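J.: Quick note on my numbering: the sequence shown kicks off at 27 and runs consecutively.
No residue lacks a Cβ here, since even glycine has one placed at the ideal position from N, Cα and C.
Fair warning: this is a prediction, and the values are worked out from it, not measured in the lab.
First the structure, which I've put down as structure tokens, then a few questions once you've had a look.
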Amino acid sequence: MTKASLHLLKGTGYLISTVSVILLAIVSWSSASQSPLLVACLFGGAATSIAGMFCRWLSYQIEKRQEEREAHSNEAGCVSSVHGRNALYL
Numbered sequence: 027m028t029k030a031s032l033h034l035l036k037g038t039g040y041l042i043s044t045v046s047v048i049l050l051a052i053v054s055w056s057s058a059s060q061s062p063l064l065v066a067c068l069f070g071g072a073a074t075s076i077a078g079m080f081c082r083w084l085s086y087q088i089e090k091r092q093e094e095r096e097a098h099s100n101e102a103g104c105v106s107s108v109h110g111r112n113a114l115y116l
């Protein structure tokens, strides 16, 4: 599995989990709406769960960008060192 497809799979998993939290909150609404405390707990729980998944997804995106930057800088380093050697022979 390539890194790009692995990141896509992780993102899809977090999206599915977010939809799951929303659906469970909808189902729970009829019971929770009886009490302001339960409403606050329902919204708070759903919001923190979604925020946590967003943070994890964001961390994977940051790691992906860092890996891409490192790969590009390593490629650029190889190209410049090759050009440096050619300049010595000219």
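1. Leaving out five residues on either side along the sequence, give the residues of the same chain with a beta carbon under 7 Å from the beta carbon of residue 76.
2. Tell me where the alpha helix (DSSP H) around residue 28 begins and ends.
3. In whole angstroms, give me the CA-to-CA distance for residue 98 and residue 32.
4. Can you tell me whether residue 92 is helix, strand or coil according to DSSP?
5. In three-state terms, what does DSSP make of residue 87?
T.: Judging by the given coordinates:
1. Taking the first residue of the sequence shown as 1, we reach residue 76 at position 50. 44 and 47, listed in sequence order.
2. Working through the sequence shown from its first residue, we reach residue 28 at position 2. From DSSP, residue 28 is part of no alpha helix (DSSP H); its letter is neither H nor E.
3. Here residue 98 refers to the residue found at position 72 of the sequence shown. Here residue 32 refers to the residue found at position 6 of the sequence shown. Taking the straight line joining both Cα atoms gives about 20 Å.
4. Here residue 92 refers to the residue found at position 66 of the sequence shown. In the structure shown, residue 92 sits in a helix (DSSP, three-state: H, G or I).
5. Here residue 87 corresponds to residue number 61 of the sequence shown, with the count starting at 1. In this structure, residue 87 counts as helix in the three-state DSSP scheme.
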